[in-house]
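Q:
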Amino acid sequence: MTGDEGVTWLVEPKRPMSVTKFSGTLVHNSRRKDTCSQTVLAFAHFVFGFSKQTLVFADLQGTHSQVKGRDGLVLFDVMTHTIDGNSGMGDFGKKGIQTFVDQHVCNSICKALGLPKAMPLSLDYSEEARHDDDSDNGNSAAGGGDEGDESD
Ligand SMILES: [Zn+2]
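According to UniProt numbering, the sequence shown is numbered sequentially starting from 1.
(1) Considering just the uninterrupted stretch of the alpha helix (DSSP H) at Ser108, what are its terminal residues?
(2) Exposed or buried, what is Ser18 when buried is set at 16 or more other beta-carbons lying within 10 Å of its beta-carbon?
(3) Under the three-state reduction of DSSP, which class applies to Val74: helix, strand or coil?
(4) Would you report the Cα separation of Thr63 and Lys21, rounded to the nearest angstrom?
(5) As a quick exercise: from Gln53, Tyr125, Gly90 and Val105, pick the residue whose alpha carbon is nearest that of Ala42.
(6) How long is the line joining the alpha carbons of Lys95 and Met119, rounded to whole angstroms?
(7) Distance, Cα to Cα, Leu26 vs Phe100?
(8) Start and end of the beta strand (DSSP E) containing Thr82?
(9) For Cys36, which of Asp124, Ile109 and Leu115 has the nearest alpha-carbon?
(10) Under the assumption that Ala93 contacts Asp84 (Cβ atoms under 8 Å), give the Cβ distance between them as a whole number of angstroms.
(11) Sorted by chain position, which residues of the same chain lie with C-beta nearer than 7 Å to Val78's C-beta, five sequence neighbours on each side aside?
(12) Express the C-alpha separation of Ser51 and Pro16 in angstroms, rounding to a whole number.
(13) Quick check on Asp34: buried or exposed, where buried means 16 or more other Cβ atoms within 10 Å of its Cβ?
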């Protein structure tokens, strides 16, 4: 009985001091043109698309480190913007997601991965059903406007 019950410690290996910043909480563009920066920002685009526009990584920053014996980049302290706005500090909800859509400019990595076409930078919450989870507990589908487009 030390009084530490219920306390959780998160520990990680010591990182180098120099931090490279790729995006801010509400700033998702970058003047950095190096391959590493472009890759991280393309990753942010991928996450936006893969999450079906429900999640945006923000405040992306990292330190260059050895990862499994090779040069790598360790991202840390990532923030997220989510539909519900309840993922933690700095989650601006839909407004935060919108800033990503407004500001992200696809770079050569995005284009090489086909992200602009496969995961377009637009917000369309009207097709709330999202088509791959079959039921949405009967909540009203599109809030208003044009519905009836069943196919995807
Ligand atoms: Zn992109």
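Yeah, the Cβ is synthetic: ideal placement off N, Cα and C, and Gly gets one too.
A: Quick look at the numbers:
(1) By one-based count along the sequence shown, residue 108 stands at place 108. In the DSSP assignment, Ser108 falls within the unbroken alpha helix (DSSP H) covering Ser108 to Ala112.
(2) Here residue 18 refers to the residue found at position 18 of the sequence shown. Classification for Ser18: exposed.
(3) On the sequence shown, position 74 is the one that residue 74 refers to. In the structure shown, Val74 sits in a strand (DSSP, three-state: E or B).
(4) Here residue 63 refers to the residue found at position 63 when the sequence shown is read from its first residue. Here residue 21 refers to the residue found at position 21 when the sequence shown is read from its first residue. Answer to the nearest angstrom: the Cα atoms are 9 Å apart.
(5) The residue labelled residue 42 in the question sits at position 42 within the sequence shown. Closest option to Ala42, Cα to Cα, is Val105.
(6) Position 95 of the sequence shown, counted from the start, is the residue given in the question as residue 95. Position 119 of the sequence shown, counted from the start, is the residue given in the question as residue 119. Near 19 Å, if we compare the C-alpha coordinates of Met119 and Lys95.
(7) By 1-based counting over the sequence shown, the position of residue 26 is 26. By 1-based counting over the sequence shown, the position of residue 100 is 100. Straight across, the Cα-Cα distance linking Leu26 with Phe100 is about 7 Å.
(8) Start at 1 with the first residue of the sequence shown, and residue 82 comes out as number 82. Here the beta strand (DSSP E) through Thr82 covers Met79 to Thr82.
(9) Counting from 1 along the sequence shown, the entry for residue 36 is found at position 36. Residue Ile109 is the option with its Cα nearest to Cys36.
(10) Here residue 93 refers to the residue found at position 93 when the sequence shown is read from its first residue. Here residue 84 refers to the residue found at position 84 when the sequence shown is read from its first residue. A small correction: the amino acid at residue 93 is Gly; Ala does not occupy that position in the sequence shown. Contact flag correct, Cβ pair sits at about 7 Å.
(11) Indexing the sequence shown from 1 puts residue 78 at position 78. Same-chain partners within the cutoff: Phe57, Asp59 and Leu60.
(12) Position 16 of the sequence shown, counted from the first residue, corresponds to residue 16. Position 51 of the sequence shown, counted from the first residue, corresponds to residue 51. Roughly 31 Å between the two C-alpha positions.
(13) Numbered from 1 along the sequence shown, position 34 holds the residue referred to as residue 34. Exposed: under 16 other Cβ atoms inside 10 Å.
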